[in-house]
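Taken in order, these protein sequences are the chains called A and B.
Quick note: the first sequence uses the numbering used here, first residue 1178, plus one each step.
Quick note: the second sequence uses the numbering used here, first residue 1178, plus one each step.
Cβ atoms here follow ideal geometry from the backbone N, Cα and C, with glycine treated the same way.
Note that the coordinates shown come from a computational prediction; the quantities given were computed from them, not determined experimentally.
Some notes on the structure that comes next.
There are 2 protein chains.
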Amino acid sequence: MFTILATLKVQKGKEEEAEKIMEELASQVAAKEPATLTYLFHRLQNDPNIIIVFEVYQDEAAFEAHRRGEILRQAGTKLASVLEPGGVEIKVLERFAGFQRP
Amino acid sequence: MFTILATLKVQKGKEEEAEKIMEELASQVAAKEPATLTYLFHRLQNDPNIIIVFEVYQDEAAFEAHRRGEILRQAGTKLASVLEPGGVEIKVLERFAGFQRP
């Protein structure tokens, strides 16, 4: 279990385009990365230019495989034109309690 | 579906006590709030005084019931002595893409 919280800043006016790229990314990952267990994209209710991605991987190796993989590389190229420069922040989270109903 | 990202700042030296209170809170919610679907507690890998809670409720009414309920009230009283003053930030997230494997 390896959890990531990613925050992405989208350029003003590029919200719709950005979300389309992320939808496509999510469906590719769903289809082709079984060790990516949870991959949820949200916009902040109070600021739709801020995207929060909650990601759970089977283990750190699965995250590394995702991070270095072809799917994310291709999406990253597209995202580069809609995100703010330096607009990606990645935090590693250590789960210590809680549950997720099936 | 109603998603919350909560960030809590724990006082230095109170990390262990805080995590115990949160573990107890999570198991109470698991047992008694079926409309709280996901309730995951994490510390930041780079700063164990920062707690990130990822919460998914069946709907906004379920979140309000949780927020105003007895379980959170009792935990909140205990947490008040281990969190920084004003150390709770709540963000509402709008999911637009992604998946969660069962």
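Check, Outcome
"Nearest-angstrom Cα separation, counted from A:Lys1197 out to A:Ser1258", "13 Å"
"Given A:Ala1238 as reference, the closest of A:Leu1217, A:Asn1226, A:Ile1228, A:Glu1210 once Cα atoms are compared", "A:Glu1210"
"Beta-carbon proximity list for B:His1219, same chain, < 6 Å, skipping 5 on both sides", "Ile1229"
"Contact with chain B by A:Thr1215, beta-carbon distance below 7 Å", "yes"
"DSSP three-state assignment for B:Ala1212, whether helix, strand or coil", "coil"
"Own chain partners of B:Leu1214 with C-beta closer than 7 Å, once the 5 adjacent residues on each side are dropped", "Val1233, Tyr1234, Gln1235"
"Proximal residues to A:Gly1264 (C-beta, below 7 Å), its chain only, five neighbours per side dropped", "Leu1185, Lys1186"
"A:Phe1231 and B:Ala1207 closer than 7 Å at C-beta", "no"
"Chain A residues whose Cβ lies nearer than 7 Å to that of B:Ala1203", "Ala1274, Gly1275, Phe1276"
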